[in-house]
């Protein structure tokens with residue numbers, strides 16, 4: 001949380017394209033997900049394998065986080081195929 005408060009780039013990604021929002025969605029961290037989105041994290045970011053934060057949350061059964069992405073405009077038709 002401290003890094004977010006210090007104007008850290010919330011859409012920064014690692015070599016596979018994973019942003020902090022991917023980690024929060026994969027783990028089902030609703031509060032962190034909300035904060036990252038509030039700070040400008042892209043709900044439609046995609047990794048090199050074309051997975052999105054919504055697909056990560058859905059794959060791991062995090063329904064509340066998944067609904068949050070949909071409410072914030074995530075592309076429900078994005079495909080990793």
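In UniProt numbering, the protein residues as written are 1 to 81. We treat Cβ as the ideally placed atom computed from N, Cα and C, and that holds for glycine. Just so we're clear, the structure is a prediction, and the values are computed from it rather than from any experiment.
Residue i: first and last residue of the uninterrupted alpha helix (DSSP H) it sits in
| i | result |
| --- | --- |
| residue 30 | 30-38 |
| residue 72 | Element bounds for residue 72: n/a, residue is neither H nor E. |
| residue 56 | 53-59 |
| residue 41 | Segment: none, residue 41 is in no alpha helix (DSSP H) and carries neither H nor E. |
| residue 132 | One cannot answer for residue 132 here, as it falls past the ends of the chain, which runs 1 to 81. |
| residue 24 | 20-27 |
Close-in-space but distant-in-sequence residues of the same chain around residue i (CB under 8 Å, 5 per side omitted)
| i | result |
| --- | --- |
| residue 18 | 47 |
Close Cβ partners of residue i (< 7 Å) along its chain, the five nearest in sequence each way excluded
| i | result |
| --- | --- |
| residue 71 | none |
| residue 56 | 22, 25 and 26 |
Same chain, Cβ closer than 6 Å to residue i, five either side skipped, listed in chain order
| i | result |
| --- | --- |
| residue 27 | none |
Where residue i falls, given that 16 or more other Cβ within 10 Å makes a residue buried
| i | result |
| --- | --- |
| residue 73 | exposed |
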